[in-house]
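Protein chains in written order, with our numbering: chain A, 1 to 202; chain B, 1001 to 1138; chain C, 2001 to 2565.
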Amino acid sequence: METQQNHLTIPIIKIPQGRLGMWVLIAGELVIFGGLICFYLLNRIRYPHWGDMAAHTNTFIGALNTVVLLVSSYTVVRAHQAALKMDVAKVRLWLSCTLLGGILFLVDKSIEYAHEISEGFTFTSPKLVAAGDHVGSLFWSYYYIMTGLHGAHVLAGMTVMLIILIQTRKGKNMHRVELAGMYWHMVDLIWIFLFPLLYIAK
Amino acid sequence: MATTILSPGIQVGLEDSHGPGNFEPIHHSPDHDNVVFADPATNYHGHPHYGRILITLLALLAVSLTVGYVFSPALAIVLIFATAAWKVAIVMRNFMHVKYEPLFIFIAIAAVLLIIYAFFFGVYPDITAVPRDVTFPR
Amino acid sequence: MENLHQNKSFWSKYVFSTDHKTIGTQYMIMGMIMAGVGGYLAYVFRYNLAFPGKSIPFYGMLGPQAYNAFVTIHGMIMVFWVGMPVLLSALGNYLIPIMIGSDDMAFPTVNMLSFWIFAVSALVLIASFFVPGGAFGGGWTMYPPFSAQGYVNHNPNFFTALFSGTSLLILAVALELVAMLMGGINFLVTTINKRAKGMTPWRIPVIIWFINIAAVIFMFSVGPLVAGAFMLLFDNVLGTGFYDPHRGGDPMLWEHLFWFFGHPEVYVLLLPSLGVLAEIVPVFSRKPLFAYKTVIYLALLSAFLSVLVWAHHQFVAGIDPRMATFFSIGTILISIPFAGIFLSYMATLWGGSIRMKLPMLWAIGFIGLFLVGGLTGLFLGSNTFDIYAHDTYFVVAHFHYTLFPDIFFGFFAAFYYWFPKFTGKELNAKLGKWHFWLTFIFFNGVFFLLFFNGLAGQHRRINDYSSFSLISREPYQTFEQIATVCAIGLMLSQFIFLYNFITSFRKGKKAVKNPWESTTLEWQSDSPPPHGNFNPYPEVHRGAYDYSLPEAKEDFTPQNVPNVN
């Protein structure tokens, strides 16, 4: 038992190793998304026409997804709280709720994508290009790459959460619940910024 | 719960916070899977009332959705992004427990935002100051 | 505990190892192999420049397309597949745990994964030579529209566009960046969390500080490029218009985000080498490092400035002139911290009892050569001069005078210094001296004359000057030929090093524990260090540079010595 504690005991600044690593990872991820948001903002300021394109996004589904992510952030932090008390049943319950939130998010997203693709707004939007609206097609390229990259992070977070759900079955690796939670909160944070950028600011 | 809540601000990474008797020699833990928990000395989290925070977040979301119908577009955009920033701050402080972490973490995240801002600042004139009719069909 | 990791099969001990020393070796060997590939490419296109239209020994005829591809991939390899793994990953993996008195990295498995992703990225890069159309030839900066032609050229064949040299290059770079990001996370967490008792921040050796600062710069500047590389890949494969001005995009965006990463990258490569110097210069001068804290503050300052100067690579690309002034000033400002760091090394040498051993030779060679590169950098930093010199051989000579000492002299200094520690064998000093002097002379022979070629206006992206009588006039074509002969000599002299490495490793003299009489922790462990590095774990009582303490009997006092009396 004593070596196990040493593995996590931090003599210098008091952050456990896993949490510190996760913070560094989050900082790195924030730069990636920060850069992407920068590119989008620069072009958004350059092309007022993008406002017309943003009007085609479905604010209702976007808002619903925001609610889903906020609630799932809440459930994962409850899972962390339960993990501190070594309450395996509750951890598994709250983690499952979070996973459900992730699935709900992806389902919403798919419905939204299907709707937009059926209207001719795809990654390259050949319809808009044929009509000479190159700037508009660029909006959809940005829309898909931003939401797509975010969706990939949702999937990654869900995979991690699933692995931890399996590992916690016997009460193993309870400290990892918090780490997965931190990653999930980061996914939530990015969405909080993407939502007004892509959906409300028209 | 035996939690030692350290006030953020005293634990900057550059300071030596090596208390006497605080140290155990570091060994390679052969069994990574069996690590159960951070020991109480490093488990310094407090737990805010998460339900109340969730309600605040949802209320802020409702605000950002409605301001567009109430105020002028310019003011609405300012308000929308202000609420977004507020939401981010709430999530980071409470859900990600930044308010219990050492100042070091806060500095790191702030540095990220500064660097993004530097990038935006450097690129801004080259992308936005170009005449808007630069594009034409092939 | 010590025996736990000893009884393992060959695969888990040498190939899929999680031991930081093995991973460091893997990175180093991989970097050396890639340096061989990059050197071969350089040989081929240098030969073509000196003797255009002739068949090249060991290659054959070189067409313009292949020439471009060779120059491009040479640049890519030397920066991303030699400089990064050797300086950041190999040195970081080797030195961080052992110099801070720890047993291993914070996340050993992530460390192993990082190396194998890196290995895959190298394979993808090499594979890009063998796809239809050959490797990408649009310059190592991958500016669109050159790098976004796949969709136009191969439409509608999606797979041809995906497996074109361009896409594979973008993919290889992306994988390499991911590998280095994982390594960077490991370095930071290890240094912050796994230090030995008493290893306070101001007792950490300078090289560990510098590698960590480099990791931070890397992590914070690479993000936009990762996102941008995806966008470039989509432009190339799917035909989106992120960088296509016809489609509303902007190629300037790629230039900005490439150099937003690319310029800090220079400091990512430079800082570990400067750290190596900070270890070697005090040991062989028998003096404490001059102004230890100031050196670290200066490095932090340079890290801050390094993200504010990137657009000096784009002065002729049509950036906003107001910004050009800003970036010009920033570029000239950033020379101040580095001048300060070099001043500290000079002051350390001043009045020391200097031992001219091999590592010291390389270190002093580094300082001398880098001075030339740094000073010509000041000229180029001013946008008025840069507009004239841009894309001439002046720039080529300038960045080889910074990066060659940085990557190769820095690495060889580190190699000759730490070889006895990590193999337990001594290197042949005589061969080492031959290696140093030949490398030093030939390197200057290659690049010094090219400054004059550049000032005469010789453009650097032309494969055959014979059709341009103005710039191929004498003596500039002779200078090119001298450069080529010296380049071949430079490459051949590296075989001395290889021979020395292999023979010394196999049957060299057994090295003592602390041959250079150094104070830092790694020399207090056995040579080579066992798995887990220390037994028992050291306790640190003093700073890293306690040389010639007046009260001590010996002229060095290791960090784990409690009191000198």
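All C-beta atoms, glycine included, are put in the ideal place defined by N, C-alpha and C.
query: Own chain residues within Cβ distance below 7 Å of L2087 of chain C, not counting five before or after; result: L2269, P2272, S2273, I2407, G2410, F2411
query: Minimum Cβ-Cβ distance from A27 of chain A to chain C less than 9 Å; result: yes
query: Alpha helix (DSSP H) segment containing A1110 of chain B, residue limits; result: 1103-1128
query: Neighbour flag for R2542 of chain C against chain B, beta carbons, 9 Å; result: no
query: Close beta carbons around A2127 of chain C, own chain, < 7 Å, minus the five adjacent residues each side; result: L2168
query: Neighbour list for A1084 of chain B in chain A, Cβ cutoff strictly below 7 Å; result: I192, F193, P196
query: Range covered by the alpha helix (DSSP H) that runs through V2281 of chain C; result: 2251-2285
query: Residues of its chain near K2510 of chain C, where Cβ-Cβ distance is below 7 Å and the 5 sequence neighbours each way are ignored; result: G2424, K2425
query: Chain-ordered chain B contacts of S73 of chain A [CB-CB under 7 Å]; result: V1091, F1095
query: 7 Å Cβ cut-off: residues of chain B touching T98 of chain A; result: Under the 7 Å cutoff, chain B gives no residues; its nearest Cβ is about 12 Å from T98 of chain A.
query: Chain-ordered chain B contacts of D2391 of chain C [CB-CB under 7 Å]; result: Within chain B, no residue comes near D2391 of chain C; the closest Cβ sits about 20 Å away, beyond 7 Å.
query: Proximity to R2286 of chain C [Cα-Cα], best of C:F2394, C:F2556, C:Y2027, C:P2201; result: C:F2556
query: Contact under 9 Å by Cβ, N58 of chain A with F105 of chain A; result: no
query: Three-state class that DSSP yields for H2459 of chain C in the structure shown; result: strand
query: I190 of chain A burial status per 10 Å Cβ neighbour count (16 or more: buried); result: buried
query: Proximal chain A residues relative to V1112 of chain B, where beta-carbon distance stays under 8 Å; result: A27, L30, V31, G34
query: Contacts around F2379 of chain C, its chain only, beta-carbon distance under 6 Å, and the 5 residues preceding and following it disregarded; result: F2385
query: R2542 of chain C and R2203 of chain C closer than 9 Å at C-beta; result: yes
query: Proximal residues to P1030 of chain B (C-beta, below 6 Å), its chain only, five neighbours per side dropped; result: In this predicted model, P1030 of chain B has a pLDDT of only 38, less than 50, meaning its place in the structure is not dependable enough to derive any value.
query: Proximal chain C residues relative to I145 of chain A, where beta-carbon distance stays under 9 Å; result: A2227, F2230, M2231, F2234, T2240, F2242
query: The alpha helix (DSSP H) enclosing H2116 of chain C, as first and last residue numbers; result: Reading the sequence as shown, one finds Trp at residue 2116 of chain C and not His. Looking at the DSSP string, the run of the alpha helix (DSSP H) that includes W2116 of chain C is 2108-2127.
query: I1077 of chain B versus Y1124 of chain B: straight-line alpha-carbon distance, rounded; result: 19 Å
query: Beta-carbon proximity check, F1151 of chain B vs S73 of chain A, cutoff 9 Å; result: Nothing about residue 1151 of chain B can be reported from this structure: the residues present for chain B run from 1001 to 1138 only.
query: Below-9 Å beta-carbon distance, L2095 of chain C vs any chain B residue; result: no
query: Residue-level contact to chain B via CB, N2560 of chain C, 9 Å cutoff; result: no
query: Host alpha helix (DSSP H) of M186 of chain A (start-end); result: 175-195
query: Beta-bridge partners of Y2547 of chain C, as assigned by DSSP; result: C:F2556
query: Cβ pair T159 of chain A, L95 of chain A closer than 9 Å; result: no
query: Under 7 Å by beta carbon: chain A residues contacting G1068 of chain B; result: I200
query: A2042 of chain C versus T122 of chain A - alpha carbon distance; result: 44 Å
query: Under 8 Å by beta carbon: chain B residues contacting A2311 of chain C; result: G1122
query: Residue from A:Q81, A:Y199, A:F193 whose Cα sits closest to the Cα of G35 of chain A; result: A:F193
query: Counterpart residues of K2425 of chain C in DSSP-defined beta bridges; result: C:K2510
query: Residue environment, V2015 of chain C, which counts as buried when at least 16 other CB atoms sit within 10 Å; result: exposed
query: Residue span of the alpha helix (DSSP H) that contains F2070 of chain C, given as start and end; result: 2064-2076
query: Close Cβ partners of H49 of chain A (< 6 Å) along its chain, the five nearest in sequence each way excluded; result: V135
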